[in-house]
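Heads up, the thing below is written out as structure tokens.
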Amino acid sequence: MIPSFLSLEDWAAITLTLELAGITTVLLLALCTPLAWWLAHTRSRWRGPVGAVVALPLVLPPTVIGFYLLVTMGPNGPIGHLTESLGLGRLPFTFPGLVIGSIVYSLPFAVQPLQRAFESAGRRPLEVAATLGAGPLDRFFTVALPLARPGFVTAAVLSFAHTVGEFGVVLMLGGNIPGVTRVVSVQIYDHVEAMEYAQAHWLAGGMVVFSFIVLMLLQWLQPKERR
Amino acid sequence: MNHSPLLHRTLSALGLAALVLPGAHAGEVSVAVAANFTAPMQKIAAQFEQDTGHKAVLSFGATGKFYAQIKNGAPFGILLAADDTTPEKIAREGLGIGATRFTYAIGQLVLWSKQPGYVDAEGKVLQKTDWQHIAIANPKLAPYGLAAMQTLDKLGLTAQVQPRVVTGENIGQTYQFAASGNAQLGFVALSQVMEDGRLREGSAWVVPGNLHEPIRQDAIVLKPGQGSEAAAALMQYLRGDKARAVIKSYGYSF
């Protein structure tokens, strides 16, 4: 049953937000597993710079990320040129554009827990597996991945929650199109600006409850022996 | 506690300085300025300071946001709104002084493209299908957005254009969508694309006034500005020839 205190537009924004966060999380995990693995094990001199780039979205204001994505994805930007020459059109004001923005925005929230999980497992179990005759792929999938399971849970939950809480990047890049780019945080902003405080409260309060539950869940899922 | 004699001396020196220095009577007024009036107001504020010795501290943003802040005790002395309904509401709710309300500018809507020669003199480009996006300010929040929607309605193009609309939160963001080229067209304020009586770049159609309600931009003195000399002086200054010349050079009328 749909409670009447949220409008259809509010529900559309909620569905869209969950879709965006879900897709972003799946793509982030796929993308960040090799990246985090490399960061955890490499001795390359690129480790520092790459780690810093990955961490940039932590400290940059979302408006900076949004602004540069808008410019680089635009008709005069390098990404814009690329997508147009591939016949994909332009990314700003589209759902795929938001997915890319969200991946950039939530990148450190996926990479860093994974990297820490890989690091804390260390090389020892892998070496043992190797002496027992396991091949590299076998070692990765049957030893490294299961050992890093808590890292994956943390990365997934944080990426999802952080994308749900995204505002500045979407605002700059999205163009506020209902059902395409108007996510919950933007919808709340609109309600407040339009002085529709009651509707703003329902959505904003919902976000607080959601975030609280996510963080509780995260503590719950952490390995028990650490407590 | 051993700091306090020094502190005392410093404070009394400062107090003395305030009494003797010329221009010590000059006041300060903080002004909430509608985003579309940013550029002209910066010029006017500089001249105002030079001519009167008073200082105007400017904040720029969406009128709706300013209203929420004013309602919650923001210390602005004057609001230069993007519409006439917000100042009216403020006066009615006792948050400002109704008698000080006046129209400082009438906004001019334009259809603008960054691309030179793209927008024709009659706005026929709106009927074309070779553009993907048109940027319009949120009509619920911004008077220029409302005027743009009224214009599309009047031209009978709403249904045809709507699927290609991208919405800016205010007129500033709307301009940014069009200026970055991500939206080929944008309904923006003439003041944003005009300087010294000329179009700065791109191409534009100045939307005739009969296609939408006039965008009357009203000013009002707010409760915190009541009795402030600087606030009264700025309200007076905005009606003066010097300020009006600036306002006009950005494409507003009165």
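In order, the protein sequences belong to chains A and B.
Going by this note's numbering, the residue at position 140 of the first sequence is 140; the numbering climbs one at a time, nothing skipped.
Going by this note's numbering, the residue at position 171 of the second sequence is 398; the numbering climbs one at a time, nothing skipped.
From the three backbone atoms N, C-alpha and C, an ideal C-beta is built for every residue, glycine too.
Taking 8 Å as the threshold (C-beta atoms), are residue j and residue i in contact?
{"i": "residue 116 of chain A", "j": "residue 151 of chain A", "result": "yes"}
{"i": "residue 396 of chain B", "j": "residue 173 of chain A", "result": "no"}
{"i": "residue 305 of chain B", "j": "residue 462 of chain B", "result": "yes"}
{"i": "residue 405 of chain B", "j": "residue 341 of chain B", "result": "yes"}
{"i": "residue 67 of chain A", "j": "residue 181 of chain A", "result": "no"}
{"i": "residue 358 of chain B", "j": "residue 429 of chain B", "result": "no"}
{"i": "residue 192 of chain A", "j": "residue 295 of chain B", "result": "yes"}
{"i": "residue 271 of chain B", "j": "residue 449 of chain B", "result": "no"}
{"i": "residue 54 of chain A", "j": "residue 111 of chain A", "result": "yes"}
{"i": "residue 93 of chain A", "j": "residue 175 of chain A", "result": "yes"}
{"i": "residue 203 of chain A", "j": "residue 188 of chain A", "result": "yes"}
{"i": "residue 30 of chain A", "j": "residue 184 of chain A", "result": "no"}
{"i": "residue 495 of chain B", "j": "residue 360 of chain B", "result": "Any property of residue 495 of chain B remains undetermined from this structure, which presents chain B solely from 228 to 481."}
{"i": "residue 442 of chain B", "j": "residue 262 of chain B", "result": "no"}
{"i": "residue 16 of chain A", "j": "residue 168 of chain A", "result": "no"}
{"i": "residue 129 of chain A", "j": "residue 147 of chain A", "result": "no"}
{"i": "residue 281 of chain B", "j": "residue 315 of chain B", "result": "no"}
{"i": "residue 32 of chain A", "j": "residue 194 of chain A", "result": "no"}
{"i": "residue 99 of chain A", "j": "residue 407 of chain B", "result": "no"}
{"i": "residue 365 of chain B", "j": "residue 138 of chain A", "result": "no"}
{"i": "residue 184 of chain B", "j": "residue 418 of chain B", "result": "Residue 184 of chain B falls outside the range modelled here, since chain B spans only 228 to 481, and no answer is possible."}
{"i": "residue 163 of chain A", "j": "residue 106 of chain A", "result": "yes"}
{"i": "residue 438 of chain B", "j": "residue 367 of chain B", "result": "no"}
{"i": "residue 317 of chain B", "j": "residue 453 of chain B", "result": "no"}
Along chain A, which residues have their Cβ under 9 Å away from the Cβ of residue i?
{"i": "residue 396 of chain B", "result": "171, 176, 186, 189, 190 and 193"}
{"i": "residue 338 of chain B", "result": "Under the 9 Å cutoff, chain A gives no residues; its nearest Cβ is about 17 Å from residue 338 of chain B."}
{"i": "residue 393 of chain B", "result": "92, 93, 174, 175, 176, 177 and 181"}
Which whole-angstrom value describes the C-beta separation of residue i and residue j, a residue pair presumed to lie in contact below a C-beta threshold of 8 Å?
{"i": "residue 416 of chain B", "j": "residue 464 of chain B", "result": "Not quite, the Cβ-Cβ distance comes to about 22 Å (not below 8 Å), so this is no contact."}
{"i": "residue 444 of chain B", "j": "residue 309 of chain B", "result": "6 Å"}
{"i": "residue 414 of chain B", "j": "residue 375 of chain B", "result": "4 Å"}
{"i": "residue 287 of chain B", "j": "residue 332 of chain B", "result": "About 15 Å separates the two Cβ atoms, so there is no contact after all."}
{"i": "residue 24 of chain A", "j": "residue 103 of chain A", "result": "6 Å"}
{"i": "residue 423 of chain B", "j": "residue 476 of chain B", "result": "6 Å"}
{"i": "residue 118 of chain A", "j": "residue 36 of chain A", "result": "6 Å"}
{"i": "residue 51 of chain A", "j": "residue 60 of chain A", "result": "Wrong, their Cβ atoms sit about 15 Å apart, outside the cutoff."}
{"i": "residue 446 of chain B", "j": "residue 329 of chain B", "result": "6 Å"}
{"i": "residue 260 of chain B", "j": "residue 284 of chain B", "result": "That belief does not hold up - the Cβ atoms of residue 260 of chain B and residue 284 of chain B are roughly 10 Å apart, past 8 Å."}
{"i": "residue 97 of chain A", "j": "residue 73 of chain A", "result": "6 Å"}
{"i": "residue 158 of chain A", "j": "residue 210 of chain A", "result": "Incorrect: roughly 14 Å between the Cβ atoms, too far for contact."}
{"i": "residue 126 of chain A", "j": "residue 144 of chain A", "result": "6 Å"}
{"i": "residue 199 of chain A", "j": "residue 7 of chain A", "result": "7 Å"}
Locate the beta strand (DSSP E) running through residue i, then write down its first and last residues.
{"i": "residue 413 of chain B", "result": "412-416"}
{"i": "residue 444 of chain B", "result": "442-449"}
{"i": "residue 282 of chain B", "result": "282-288"}
{"i": "residue 239 of chain A", "result": "Absent from the model: residue 239 of chain A. The displayed extent of chain A is 1 to 227, so no value can be given."}
{"i": "residue 46 of chain A", "result": "Note, residue 46 of chain A: premise wrong, no beta strand (DSSP E); not H, not E."}
{"i": "residue 340 of chain B", "result": "336-340"}
{"i": "residue 255 of chain B", "result": "255-261"}
{"i": "residue 395 of chain B", "result": "392-395"}
Assuming residue i is part of the alpha helix (DSSP H), what are its boundary residues?
{"i": "residue 320 of chain B", "result": "Neither: residue 320 of chain B is in no alpha helix (DSSP H) and is coded neither H nor E."}
{"i": "residue 358 of chain B", "result": "That residue, residue 358 of chain B, is in no alpha helix (DSSP H); it is neither H nor E in DSSP."}
{"i": "residue 470 of chain B", "result": "468-476"}
{"i": "residue 167 of chain A", "result": "Element bounds for residue 167 of chain A: n/a, residue is neither H nor E."}
{"i": "residue 186 of chain A", "result": "184-193"}
{"i": "residue 431 of chain B", "result": "Segment 430-433 is the beta strand (DSSP E) holding residue 431 of chain B; no alpha helix (DSSP H) there."}
{"i": "residue 307 of chain B", "result": "That residue, residue 307 of chain B, is in no alpha helix (DSSP H); its beta strand (DSSP E) goes 305-307."}
{"i": "residue 106 of chain A", "result": "95-121"}
{"i": "residue 375 of chain B", "result": "370-382"}
{"i": "residue 68 of chain A", "result": "62-73"}
{"i": "residue 205 of chain A", "result": "197-221"}
{"i": "residue 402 of chain B", "result": "398-406"}
{"i": "residue 83 of chain A", "result": "78-85"}
{"i": "residue 270 of chain B", "result": "265-279"}
Going along chain B, which residues have a C-beta under 7 Å from residue i?
{"i": "residue 26 of chain A", "result": "Those do not exist, as residue 26 of chain A stays about 27 Å from chain B at its closest Cβ, beyond 7 Å."}
Mind checking the stretch 401-417 of chain B against chain D and listing, in chain order, the residues whose C-beta falls within less than 9 Å of any C-beta there? The chain inventory of the structure shown lacks chain D, comprising the protein chains A and B.
Taking only beta carbons into account, state which residues of the stretch 62-82 of chain A come closer than 7 Å to chain B, listed in chain order. 70, 71, 74, 75 and 76
Residues from the stretch 360-372 of chain B in contact with chain A, defined by Cβ distance under 8 Å: 360, 362, 365, 367 and 368
Positions along the stretch 284-295 of chain B whose CB lies within less than 8 Å of some CB in chain A: 289, 291, 292, 294 and 295
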